[in-house]
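All remarks here apply to the structure that follows.
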Amino acid sequence: MTTKRQAAVMGAFVADALSLGVHWVYNTGVIDKKFGRVEQYHDPLTSYHKGKKAGDFTHYGDQMLVLLETLGEGKGFDANRFAQSWREFFSDYTGYFDKATKATLENMTGGREPTQSASDSDDLAGASRMAPLVGVYGNDLDQLVRTARSQTAITHGDDRVIASADFFARTVFAILNGKEPVPAMEATLNDHFADSDIAPLVRMGLQSKDRDTRETIAEFGQMCSVEAGLPGTVHLVARHGEDFKTAMVENVMAGGDSSARGMLAGMVLAAAHGMSAIPDEWISGLNAGERIRTLLEQL
Numbered sequence: 002m003t004t005k006r007q008a009a010v011m012g013a014f015v016a017d018a019l020s021l022g023v024h025w026v027y028n029t030g031v032i033d034k035k036f037g038r039v040e041q042y043h044d045p046l047t048s049y050h051k052g053k054k055a056g057d058f059t060h061y062g063d064q065m066l067v068l069l070e071t072l073g074e075g076k077g078f079d080a081n082r083f084a085q086s087w088r089e090f091f092s093d094y095t096g097y098f099d100k101a102t103k104a105t106l107e108n109m110t111g112g113r114e115p116t117q118s119a120s121d122s123d124d125l126a127g128a129s130r131m132a133p134l135v136g137v138y139g140n141d142l143d144q145l146v147r148t149a150r151s152q153t154a155i156t157h158g159d160d161r162v163i164a165s166a167d168f169f170a171r172t173v174f175a176i177l178n179g180k181e182p183v184p185a186m187e188a189t190l191n192d193h194f195a196d197s198d199i200a201p202l203v204r205m206g207l208q209s210k211d212r213d214t215r216e217t218i219a220e221f222g223q224m225c226s227v228e229a230g231l232p233g234t235v236h237l238v239a240r241h242g243e244d245f246k247t248a249m250v251e252n253v254m255a256g257g258d259s260s261a262r263g264m265l266a267g268m269v270l271a272a273a274h275g276m277s278a279i280p281d282e283w284i285s286g287l288n289a290g291e292r293i294r295t296l297l298e299q300l
């Protein structure tokens with residue numbers, strides 16, 4: 002695997018871990034008062050992630066690690082294997098169960114096929130855990146797009162969420178093949194999504210690249226939905242395309258569902274700039290860091 006493909010995966014994991022401390026804190030004044038500028042890992046402030054510690058992942062990052070584990074040892078992506086592993090993971094999980102997870106588990110328990118049990122959730126998070134696929138299929142566009150869409154559809158049936166995974170798969174592939182982040186997003190939009198339902202959301206993000214991040218994400222919405230999260234994610238890449246660390250910190254400081262935005266933006270920007278762009282202390286501070294490095298070497 003190339004260094005930048007490894008970096009894309011690690012970039013998503015550190016983005017989630019950085020978000021944990023203030024994930025789902027919507028009042029940015031509280032973030033300022035409790036933490037100041039968030040440039041290191043913190044124990045979670047909210048009760049949603051009770052029991053987790055600095056350097057852990059949110060339930061999004063935990064699911065991304067499940068995906069990475071199912072790809073290990075050269076196994077590649079198999080939708081049924083991932084769905085079963087995902088279901089088994091939640092059988093004794095002590096972290097937060099969001100609505101998409103609950104609905105998907107209920108559908109599986111009710112007798113639906115594991116790959117036909119997705120909730121109708123429009124949360125961007127379904128697409129956000131896709132980064133490990135870049136490690137395996139970052140040199141194969143068709144496979145990367147197919148698997149990104151497939152892993153998303155295990156839990157999130159909303160067409161715009163699945164299309165968002167497709168969009169970022171094509172974007173990161175273009176970046177790995179030499180395009181800068183903004184031109185990569187623009188080309189992906191124009192060539193494949195110009196008339197799609199997500200096109201207005203991507204354009205909003207691109208057009209906001211010269212604006213303050215906190216104000217822009219507040220305007221788009223800090224919520225979990227693709228309608229809020231997608232333009233916010235595109236904004237982060239467009240606004241801070243040359244600086245991975247600043248993008249990740251500004252994302253967290255904007256509040257709300259910073260994890261879903263950050264995982265995708267972190268994947269894209271780390272693919273662009275490589276492992277050296279990720280602060281060493283963020284990598285070494287991951288509680289699952291050694292496990293992730295081992296799995297990356299196995300891909």
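By this note's numbering, the letter at position 247 of the sequence shown is numbered 248, and the numbering carries on one by one without gaps.
C-beta: ideal position from N, C-alpha, C; glycine also.
Just so you know, these numbers come straight off a predicted model, no measurement behind them.
Own chain, CB closer than 7 Å to residue i, minus 5 neighbours either side, in chain order
{"i": "residue 119", "result": "105, 154, 155, 156, 157, 158"}
{"i": "residue 40", "result": "250"}
{"i": "residue 247", "result": "241"}
Boundaries (first-last residue) of the alpha helix (DSSP H) holding residue i
{"i": "residue 21", "result": "4 to 21"}
{"i": "residue 41", "result": "Neither: residue 41 is in no alpha helix (DSSP H) and is coded neither H nor E."}
{"i": "residue 151", "result": "142 to 154"}
{"i": "residue 185", "result": "182 to 189"}
{"i": "residue 366", "result": "For the chain, the structure presents residues 2 to 300; residue 366 sits outside this window and is missing."}
{"i": "residue 117", "result": "Residue 117 -> no alpha helix (DSSP H), and no H or E assigned at all."}
{"i": "residue 166", "result": "160 to 177"}
{"i": "residue 106", "result": "100 to 110"}
{"i": "residue 200", "result": "200 to 208"}
{"i": "residue 58", "result": "Careful: residue 58 lies outside any alpha helix (DSSP H) and carries neither H nor E."}
{"i": "residue 30", "result": "29 to 36"}
Cβ neighbour criterion (16 or more within 10 Å) applied to residue i
{"i": "residue 5", "result": "buried"}
{"i": "residue 113", "result": "exposed"}
{"i": "residue 228", "result": "buried"}
{"i": "residue 223", "result": "buried"}
{"i": "residue 98", "result": "exposed"}
{"i": "residue 94", "result": "exposed"}
{"i": "residue 208", "result": "exposed"}
{"i": "residue 53", "result": "buried"}
{"i": "residue 110", "result": "exposed"}
{"i": "residue 195", "result": "exposed"}
{"i": "residue 64", "result": "buried"}
{"i": "residue 28", "result": "exposed"}
{"i": "residue 161", "result": "buried"}
{"i": "residue 172", "result": "buried"}
Cutoff 6 Å; reference residue i; Cβ partners in own chain excluding five residues on either side
{"i": "residue 1", "result": "Past the edges of the chain, shown from 2 to 300, lies residue 1, and the structure says nothing about it."}
{"i": "residue 233", "result": "218, 221, 262"}
{"i": "residue 170", "result": "145, 146, 149"}
{"i": "residue 226", "result": "123"}
{"i": "residue 139", "result": "6, 177"}
8 Å contact criterion, which residue i and residue j should meet: CB distance rounded
{"i": "residue 151", "j": "residue 199", "result": "Residue 151 to residue 199, Cβ: 18 Å. No contact."}
{"i": "residue 58", "j": "residue 66", "result": "7 Å"}
{"i": "residue 92", "j": "residue 70", "result": "Not confirmed; about 15 Å, so no contact."}
{"i": "residue 17", "j": "residue 62", "result": "3 Å"}
{"i": "residue 193", "j": "residue 214", "result": "Rounded, the Cβ-Cβ distance is 26 Å, inconsistent with contact."}
{"i": "residue 122", "j": "residue 100", "result": "6 Å"}
{"i": "residue 1", "j": "residue 206", "result": "A query on residue 1 cannot be resolved here, the shown segment of the chain reaching from 2 to 300 and no further."}
{"i": "residue 60", "j": "residue 96", "result": "5 Å"}
{"i": "residue 45", "j": "residue 19", "result": "Incorrect: roughly 12 Å between the Cβ atoms, too far for contact."}
8 Å Cβ shell around residue i - same chain, five flanking residues per side excluded
{"i": "residue 180", "result": "188"}
{"i": "residue 293", "result": "10, 11, 14, 66, 69, 287"}
{"i": "residue 136", "result": "2, 6, 7, 9, 10, 69, 72, 297, 300"}
{"i": "residue 88", "result": "106, 109, 115"}
C-beta neighbour in chain D for residue i, strict 9 Å
{"i": "residue 139", "result": "Of the protein chains in this structure there is only one, and it is not chain D."}
- Message: At 4 residues or longer, what runs of the alpha helix (DSSP H) sit wholly inside the segment 215 to 249?
- Response: 227 to 240
- Query: What are the uninterrupted segments assigned as alpha helix (DSSP H) that are 4 or more residues long and contained completely in the segment 60 to 91, given in chain order?
  - Reply: 60 to 72, 80 to 90
- Unbroken alpha helix (DSSP H) runs of length 4 or more, entirely within the segment 252 to 295: which are they? 259 to 274, 281 to 285
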